[in-house]
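A.B. asks: Residue numbers for the sequence shown follow my numbering, so the first one is 18 and each next one is one higher.
Structure provided below as structure tokens; questions to follow.
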Amino acid sequence: MPQDGPDTLTRQRLDDLHAVAQKLNIEIQCTRLDETEYPVASGHCKVHGRDLIVLDKTLSPVQHIEIILNVLKSFDLETIYVPGWIREKLGGPDQEFPSP
């Protein structure tokens with residue numbers, strides 16, 4: 018029987034973040050940024066008017082989570098479902114899962 022460990026939680030959180038990004042029409046690409054001709058850092062950019070989050074493949078999943086969370090801070094999340102843990106991390110109101 019599989020156990021829910023830190024890796025499972027991290028994977029679920031990444032899946033949650035990818036789902037939120039998809040709802041916002043933000044594409045996420047994971048690539049090796051050390052193989053480019055010019056210096057590139059993980060983060061948000063616009064390509065032909067489309068939002069894109071570029072993640073360096075060499076970074077850890079936890080670092081990917083932090084980068085995506087930082088990008089999502091600049092988007093309006095009020096009109097879509099966002100898991101409670103994401104709203105908590107972003108410091109926004111959590112109407113789906115109120116605190117006791």
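Every residue gets a Cβ at the ideal spot worked out from N, C-alpha and C, and that includes glycine.
The structure displayed is predicted, hence computed values, not measured ones.
#1: In its own chain, which residues sit with a C-beta less than 8 Å from the C-beta of VAL79, not counting the 5 before and 5 after it?
#2: Could you pull out every unbroken beta strand (DSSP E) segment of at least 3 residues lying fully inside the segment 24-99, listed in chain order?
#3: To the nearest angstrom, how far is the alpha carbon of HIS61 from that of GLU44?
#4: Whose CA, out of GLY101, LEU94, ALA58, ASN42, lies closest to the CA of GLY66?
#5: If we ignore side chains and look at the alpha-carbon of each, how far apart do TYR98 and LEU34 end up?
#6: Work out the CA separation of ILE70 and ILE84 for me, nearest whole Å.
#7: Specify the secondary structure class of LEU107 as computed by DSSP and reduced to three states.
#8: Assuming LYS90 and ARG49 make a contact with CB atoms under 8 Å, what is their CB distance in whole Å?
#9: By how many angstroms is the C-alpha of SER77 removed from the C-alpha of ASN102?
#10: Using the beta-carbon count (16 or more within 10 Å), is VAL37 buried or exposed?
C.D. replies: Straight from the coordinates:
#1: For the purposes of this step, residue 79 is taken as the residue at position 62 of the sequence shown. Result list for VAL79: THR27, in chain order.
#2: 44-48, 60-64, 67-73
#3: Here residue 61 refers to the residue found at position 44 when the sequence shown is read from its first residue. Here residue 44 refers to the residue found at position 27 when the sequence shown is read from its first residue. If you take the alpha carbons of HIS61 and GLU44, they lie about 10 Å apart.
#4: On the sequence shown, position 49 is the one that residue 66 refers to. Cα-wise, what sits closest to GLY66 is ASN42.
#5: Walking along the sequence shown from the start, residue 98 turns up at place 81. Walking along the sequence shown from the start, residue 34 turns up at place 17. So the two alpha carbons sit approximately 11 Å from each other.
#6: Here the question's residue 84 lines up with position 67 in the sequence shown. Here the question's residue 70 lines up with position 53 in the sequence shown. The straight-line gap from Cα to Cα measures roughly 9 Å.
#7: Working through the sequence shown from its first residue, we reach residue 107 at position 90. It is helical.
#8: Translated into the one-based positions of the sequence shown, residue 90 becomes position 73. Translated into the one-based positions of the sequence shown, residue 49 becomes position 32. Not quite, the Cβ-Cβ distance comes to about 26 Å (not below 8 Å), so this is no contact.
#9: Taking the first residue of the sequence shown as 1, we reach residue 102 at position 85. Taking the first residue of the sequence shown as 1, we reach residue 77 at position 60. A small fix is needed here, since residue 102 is Trp in this sequence, not Asn. Going by the C-alpha atoms only, they are around 20 Å apart.
#10: Position 20 of the sequence shown, counted from the first residue, corresponds to residue 37. Looking at its Cβ environment, which holds 16 or more other Cβ atoms inside 10 Å, VAL37 is buried.
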